[in-house]
Amino acid sequence: MKLSHDEIKELLPDFLKGPLPEEIRQTLEAHVKGCEECREDLSIISEILSVKVPDPGDLFWNTLSAKVRRSVNEERIPRFSMRSFLFRPIPVAAAIMLSFLIIFIFTKKNKTPDMDPFFKDPFSVDVLDYSDVSGEAIQMIAEELIQDKEFVHSSYPDVLAGNSYYRELAFLSAEDMAGLLAELERELKRGG
Amino acid sequence: MDEDLRLIEKYCSGNEEALEELVLKYQKQVYGLIYRMTNDIEEAKDLTQKTFLNVIKGIKDFRRESSFKTWLYRIAINVGLNHRKSRHEEVELEELLKGDQPGALSRIIEKERRIYIRKSLAEIPERQRLALLLRVYEGLSLSETAQVMGCSEGAVKANYHNAVKRLKEILKVKGYETKP
Chain A
2 MKLSHDEIKE
12 LLPDFLKGPL
22 PEEIRQTLEA
32 HVKGCEECRE
42 DLSIISEILS
52 VKVPDPGDLF
62 WNTLSAKVRR
72 SVNEERIPRF
82 SMRSFLFRPI
92 PVAAAIMLSF
102 LIIFIFTKKN
112 KTPDMDPFFK
122 DPFSVDVLDY
132 SDVSGEAIQM
142 IAEELIQDKE
152 FVHSSYPDVL
162 AGNSYYRELA
172 FLSAEDMAGL
182 LAELERELKR
192 GG
Chain B
332 MDEDLRLIEK
342 YCSGNEEALE
352 ELVLKYQKQV
362 YGLIYRMTND
372 IEEAKDLTQK
382 TFLNVIKGIK
392 DFRRESSFKT
402 WLYRIAINVG
412 LNHRKSRHEE
422 VELEELLKGD
432 QPGALSRIIE
442 KERRIYIRKS
452 LAEIPERQRL
462 ALLLRVYEGL
472 SLSETAQVMG
482 CSEGAVKANY
492 HNAVKRLKEI
502 LKVKGYETKP
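Sequences listed follow chains A and B, in order. Here the first sequence is numbered in the numbering used here, starting from 2 and rising by one per residue. Here the second sequence is numbered in the numbering used here, starting from 332 and rising by one per residue.
See below:
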């Protein structure tokens, strides 16, 4: 059998590793005997092959397939992944809408008309404290108002010109003032 | 049908035993190839497992254009190369000699010789080394090596011969004579 130098060089690893057809083997051996380059190559390849791979032990060989199978099964269990989450537009849109809804509900809930007491109507029944006003004091105030009606009108025209409670009281008639007095007394008895 | 393809079909249809058969069939070859790329037992063990994991993950993409063995070797080489890129340290001679029992001079000399060859292998360019590993250690044919490396047979030939030539030069420079 005729083989070229290049063809023989290609066959050198096979020559060292395993059985070749007898005809090829004989041709190769005859060529190598007379070819220094091929002898050197053969020597290098045989040196490389002499470097053995250390055996990791039976434990490794016997458990590898089980470890691979376990790893595959573990990866099949769906886990939350931010990357996969971000690449799904429907869940992302739903999450954004839900966030907006929650924020809206909370902000609306906090917008109850709970004003600071400082800004409340100073004459509101909720704010004014009548506990220290006795029945005599109410009567005295009402009488003074009836008597001083003319005086108040002449002395404090600027106060009466404004939109105030004084102005309303100042324009009450004597009967109305008496009615107011009676009403205040009734409220007092009720504990108001 | 090819035995490997039959096992792949079985695995894809839910038979996990087929996966075990595939792993058992190729685990030593994959480990050997990766060990020669990394020169580290623990790394080779981890990367062997990683290779099979990648194989399972991508098994549905296996297009059966090449043999399963060729496809498996390509994955193993990619795993090994990616690992090498992330690792920069050099294994020192002293480190490799560490652990030898005193007195066994012949064993030390033998180990030193292997270290020289390993180190010389590490000095040759990546693709040349791969061509050499696949052709010499794994016994792949030219066409199989070309498929694994993703290049032409001519490129494999060139890489392989350059690797042998380069290795001879390196060993000569280091004063390590081959015995023709």
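We put the CB at the ideal spot given by N, CA and C, even for glycine. Nothing here was measured: the structure is a model prediction, and the numbers come from that model.
Close beta carbons around residue i, own chain, < 7 Å, minus the five adjacent residues each side
i	result
K341/B	A349
V422/B	Reliability fails at V422/B, whose pLDDT of 42 lies under 50, so the model's placement of it is uncertain and the value that follows must be treated cautiously. The answer, listed in chain order, is N370.
Q478/B	S397 and T401
L50/A	L17
L185/A	I139
P433/B	Unreliable placement is indicated for P433/B, whose pLDDT of 45 sits below 50; the coordinate value is still reported in the next sentence. Taken in chain order, the list of residues that qualify is empty.
R449/B	N370
S474/B	E484
Where residue i meets chain A, residues with beta-carbon distance less than 8 Å
i	result
Q380/B	L65, K68, V69 and S72
Q358/B	W62, L65 and S66
V495/B	D42, I45 and I46
I387/B	V69 and V73
Y296/B	This structure gives no information on residue 296/B, because the portion of chain B shown stretches from 332 to 511.
Contacts that residue i makes with chain A (C-beta to C-beta distance below 7 Å)
i	result
V354/B	L65, S66 and V69
K499/B	E41 and I45
I372/B	P55 and P57
E347/B	R70
R458/B	Those within 7 Å of R458/B in chain A number zero; the least Cβ separation is about 17 Å.
Chain-ordered chain B contacts of residue i [CB-CB under 9 Å]
i	result
P22/A	Residues of chain B passing the Cβ test: none, with the nearest at roughly 15 Å.
E8/A	Under the 9 Å cutoff, chain B gives no residues; its nearest Cβ is about 11 Å from E8/A.
Interface partners of residue i on chain B, CB under 7 Å
i	result
F61/A	K376
K18/A	G470
V52/A	R445, I448 and R449
For residue i, the first and last residue of its enclosing alpha helix (DSSP H)
i	result
R458/B	E457 to L463
V495/B	E484 to V504
C36/A	Element bounds for C36/A: n/a, residue is neither H nor E.
V386/B	I372 to K388
V354/B	E347 to T369
K18/A	H6 to K18
E188/A	A175 to R191
V410/B	F399 to S417
V479/B	L473 to M480
K341/B	E334 to C343
Neighbourhood of residue i by C-beta, 8 Å cutoff - its chain only, sequence neighbours within 5 removed
i	result
K481/B	First, the residue type needs correcting, since residue 481/B is Gly and not Lys in the sequence shown. Excluding residues within five positions, the ones whose Cβ falls inside 8 Å are R405.
D15/A	L21
I339/B	A349, L353, I390, F393 and F399
P90/A	none
K381/B	V410
L12/A	L4, L21, I25 and L29
Y366/B	I372 and A375
Within chain A, partners of residue i - CB distance below 9 Å
i	result
I339/B	Those within 9 Å of I339/B in chain A number zero; the least Cβ separation is about 14 Å.
E351/B	S66, A67, V69 and R70
L473/B	E11
G485/B	Here the premise fails: no neighbours, minimum Cβ distance about 12 Å.
Y342/B	In chain order: nothing, as chain A lies at least about 10 Å away.
G521/B	Residue 521/B is absent from the model: chain B starts at 332 and stops at 511.
Chain B residues whose Cβ lies nearer than 8 Å to that of residue i
i	result
P14/A	R466, V467 and G470
Cβ shell of residue i (< 6 Å), same chain only, five flanking positions each side left out
i	result
V495/B	none
E169/A	none
S451/B	L498, I501 and L502
K3/A	none
R395/B	none
H32/A	I9
A183/A	none
C-beta neighbour in chain E for residue i, strict 8 Å
i	result
L502/B	Protein chains in the displayed structure are A and B, and chain E is not among them.
Chain-ordered residues of the stretch 406-419 of chain B with a beta carbon less than 9 Å from chain A: Within the stretch 406-419 of chain B, no residue qualifies.
To be precise: take each residue of the stretch 23-50 of chain A, compare its Cβ to all Cβ atoms of chain B, and keep it if any distance is under 7 Å. Which residues remain? Within the stretch 23-50 of chain A, the residues whose Cβ lies closer than 7 Å to some Cβ of chain B are E37, R40, E41, D42, S44, I45, I46, E48, I49 and L50, listed in chain order.
Taking only beta carbons into account, state which residues of the stretch 390-402 of chain B come closer than 7 Å to chain A, listed in chain order. Shown here is that no member of the stretch 390-402 of chain B has a Cβ falling below 7 Å from a Cβ of chain A.
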